[in-house]
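First comes the structure, then the notes that go with it.
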Amino acid sequence: MAYEFTEEDLQEIEKIKAKYPEVKAATLPVLWVAQNRFGHVEPDVQKLVADTLGLPQAHVHGVASFYTQYYKEKKGEHVLDVCTCLSCQLCGGYDILEHLENKLGIKAGETTEDGKFSIQEVECLGACGYAPMLQVTNDQYVNNLTPEKVDDLIETLKAGKEPEYDQIGMPLRKVK
Amino acid sequence: MSSADWKNYERVLIPDIDGLEKIDVYEENGGYSAFKEVLTDKKKWEGPKSVVDEVKAANIRGRGGAGFNAGLKWSFMPPSDGGPRYLACNGDESEPGTFKDRKIFEYNPHLFIEGALIAAYAMEVTAIYVYIRGEYKVYIDMMEKAVQDAYDKGFIGENIMGSDYSVDFYVHSGAGAYICGEETSMLESLEGKRGYPRVKPPFPAQKGLWGRPTTINNIETLAHVPNVINRGADWFSSIGAENHPGPILYGISGHVNRPGVYELPTGIPVLTLINEVAGGMRNGKELKAVIPGGSSTPIVRADQLDGITMDSDSLREVGTMLGTAGMVVMDEDTDMVDMLWRISHFYHHESCGQCTPCRDGTGWLEKILLRIKNGDGEIKDLDLLLDITTQMEGRTICALADAAAWPVRHTITRFRDEFEARCKKSVHAIA
Ligand SMILES: Cc1cc2nc3c(=O)[nH]c(=O)nc-3n(C[C@H](O)[C@H](O)[C@H](O)COP(=O)(O)O)c2cc1C
Ligand code: SF4
Ligand code: FES
């Protein structure tokens, strides 16, 4: 399939290039532009990024494959990244992962048949105090998970709604 | 302010002001006045070097993990030759147990921006990059807006506030790689490459981004700078522990009642942090062990913690470090074998693979620990693990190999009986 950036994307890419003295530095941000547009950075998308920036495809491929957040293959519409790292493990992260796997009938690393959901097991996401937690498709964090909260989340996403951004107040914050 | 008086501590990094993330509110509360003063009050600040000296005297020990005096680090930048010079701000925040810099992005982004601008002026930097881990999408968007607001107000750009100083400020998103928190890996990643740490020397101050002089600082480190300028080095160094002073963001996670980020002086007793600040152990359980400052800092048993405080001198007495001050608390039910296997899995997953002792060593650690976890280990595996850790340490390009080795060494040494109990094979009867 031939992928193309929109006019808007190309304008954004020009802005990105202006931030750095060398065009190569635009590789990561332009891979992000591509993934946001196409939902993944499969080899054909990598080629588009390489051609747009005038860089070798091997370079773009090398970068895309080094970083875990770039989807080198198609994923489900919603990618659920469940943290099982240290603090999440201590607070039941593996139970949450298991619950989610049972609920969706797939294992971590897989995508549901209808293409709606993928599950991935991930390393610490910097939300250790709000463990266990998961991230939805490289965007919102859903914290302090319980099986019920996971069920609610799945319903929310199935209904085509966004999970709410939950702001966590600084502890001991005085109420005025 | 002594750490004993922590209940009366007034927050300065994330003070109790609603809407402080907005630039107008930040300015109403004295924001950007420190930057303005160093740029324009030539009587008080005779130039960049006077700012470096003040920050050096404050002894802000780097909050990214290594604890190096920030002002001293700045003084390593060579004299300007008129070409580009960079400040790279480290917001990669990926060490398990660490979740504090995001609070600055969210609640007080302009304090960090102002601190970075003062640092940039002090080192005659021409462009600032802030590298934020890609998973922090929400905070990246917030920072993009905050930086734009500061441009619009004239705090960033050409001839700032009528001075002859100009600087640019860019937000750069990572894309999922713990290793990019290592400072030279971060530079590679900023240059658009795979995040392979660089061999040192040359150090970044000599050859950093695009071969030009560069300094790397953690987000919280830089956020301390405006307060040091406004209140003086003496104010900063009189807070908390003598050799590791200042306010600090503690991140507390694990089996406590009130996990979260707390801003307090350094040098608070570990047990006070757990029992009073974080509301004590969950479900009335007993404390078993603490990892004081991110997953690489050696674990400490509960019975070693009496009188130990959160600063490098005190933590050294029990063979550990302050690290990122991201404390992980474990209760009596914690399975040390499972816990250590999970840490080793993390470091194996995140090793960039450039150095053999790290690539193979982290793989072996994980594999042997998995064997023990599954009940297939032998007692001699424990000595094998310790042996591997010695072969990994100090022989690699970056400190990830050390960070992977320390938890294994210390957890096995300090909880040896638990590991031996899981090594079933060695106690089978012969006949
Ligand atoms: C494997 C590894 C990962 C690191 N990750 C981070 C990080 O996420 N954030 C950070 O500020 N420093 C991290 N560091 C430390 C940085 O290399 C560097 O020392 C620090 O950013 C310097 O800032 P400071 O002096 O203000 O602390 C890491 C170091 C290593 C070896
Ligand atoms: S020590 Fe490990 S992470 Fe660091 S450069 Fe070597 S292989 Fe890469
Ligand atoms: S361990 Fe899960 S967010 Fe840090």
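Each protein sequence line maps, in turn, to chains A and B.
Going from the first sequence to the numbering used here is simple: count from 1 and add 1.
If you count the second sequence from 1, position 356 lands on 351 in the numbering used here, and the numbers rise without skipping.
Every residue, glycine too, gets a C-beta built ideally from N, C-alpha and C.
The structure presented is a predicted model; accordingly, all values stated were derived computationally and were not measured.
- With a cutoff of 7 Å, residue 100 of chain B does not count as near ligand 1, since its C-beta is closer than that to no heavy atom of the ligand.
- Interface annotation, residue 103 of chain A: not in contact with chain B, CB-CB separation never under 8 Å.
- Distance between residue 96 of chain A and residue 115 of chain B, taken at the CA atoms: about 46 Å.
- Shown here, residue 208 of chain B sits in coil according to DSSP, grouped into three states, outside any helix or strand.
- In terms of beta-carbon proximity, residue 189 of chain B lines the interface with chain A, with at least one pair separated by less than 8 Å.
- For residue 127 of chain A against residue 128 of chain B, the beta-carbon gap comes to about 7 Å, under 8 Å, which counts as contact.
- In its chain, beyond the 5 residues on either side, 9, 244 and 256 have a beta carbon closer than 7 Å to the beta carbon of residue 98 of chain B.
- DSSP, read as helix, strand or coil, puts residue 105 of chain B in helix.
- Under the three-state reduction of DSSP, residue 43 of chain B is assigned to helix.
- Each residue's CA atom was taken as its position, placing residue 87 of chain A and residue 46 of chain B some 40 Å apart.
- Short note on residue 396 of chain B: C-beta closer than 7 Å to some heavy atom of ligand 2.
- Per DSSP, residue 248 of chain B is one residue of the beta strand (DSSP E) stretching across 242 to 249.
- Residue side-chain check: residue 174 of chain B places its Cβ nearer than 7 Å to a non-hydrogen atom of ligand 2.
- Counting along the chain, residue 322 of chain B sits inside the beta strand (DSSP E) bounded by residues 321 to 326.
- Under a 10 Å Cβ-count criterion, residue 308 of chain B is classified as exposed, with fewer than 16 other Cβ atoms of the shown protein chains found around its own Cβ.
- For residue 89 of chain A, the distance from the CB to the nearest heavy atom of ligand 2 is not below 7 Å.
- Among the residues of chain A, those whose CB is under 8 Å from the CB of residue 170 of chain B are 29, 32, 33, 68, 69, 70 and 71, following chain order.
- For residue 300 of chain B, no chain A residue has a Cβ inside 9 Å of its Cβ, as the nearest lies near 18 Å away.
- Burial check for residue 146 of chain B: the Cβ neighbour count within 10 Å stays below 16, so the residue is exposed.
- Residue 260 of chain B does not reach chain A, its nearest Cβ partner there being about 14 Å away, counting only Cβ pairs nearer than 7 Å.
- Between the alpha carbons of residue 205 of chain B and residue 67 of chain A lies a gap of roughly 21 Å.
- Rounded to whole angstroms, the Cβ separation of residue 336 of chain B and residue 365 of chain B is 6 Å, and the two are in contact under 8 Å.
- Three or more Cβ pairs drawn from the stretch 59 to 67 of chain B and the stretch 204 to 224 of chain B lie within less than 8 Å of each other, which places the two stretches in contact.
- For the C-beta of residue 140 of chain B, not a single chain A residue is nearer than 7 Å; the gap to the nearest is close to 15 Å.
- Around the C-beta of residue -1 of chain B, fewer than 16 other C-beta atoms lie within 10 Å, and the residue is accordingly described as exposed.
- Annotation: residue 250 of chain B to residue 53 of chain A spans about 50 Å, alpha carbon to alpha carbon.
- Neighbourhood of residue 390 of chain B in chain A, by CB distance below 9 Å: empty, with the nearest CB roughly 23 Å away.
- Per the C-alpha coordinates, the member of A/14, A/16, A/168 and A/141 positioned closest to residue 79 of chain A is A/141.
- A straight line joining the alpha-carbon of residue 402 of chain B with that of residue 305 of chain B spans about 18 Å.
- Residue-level contact by beta carbon fails for residue 125 of chain B and chain A, as no gap is shorter than 8 Å.
- For residue 132 of chain B, the C-beta contacts it makes with chain A under 7 Å involve 139 and 140, in order along the chain.
- Within 9 Å of the CB of residue 25 of chain A, the CB atoms of chain B belong to 186, 187 and 188, in sequence order along the chain.
- Of the candidates B/82, B/17 and B/121, B/17 places its Cα closest to the Cα of residue 140 of chain B.
- Taking the Cβ atoms as the reference, residue 158 of chain B lies roughly 6 Å from residue 35 of chain B, within the contact range of under 8 Å.
- In the assembly as shown, residue 7 of chain A is an exposed residue. Its beta-carbon has fewer than 16 other beta-carbons within 10 Å.
- Counting only residues of its own chain and dropping the five nearest sequence neighbours on each side, residue 361 of chain B has a CB closer than 6 Å to the CB of 339, 340 and 343.
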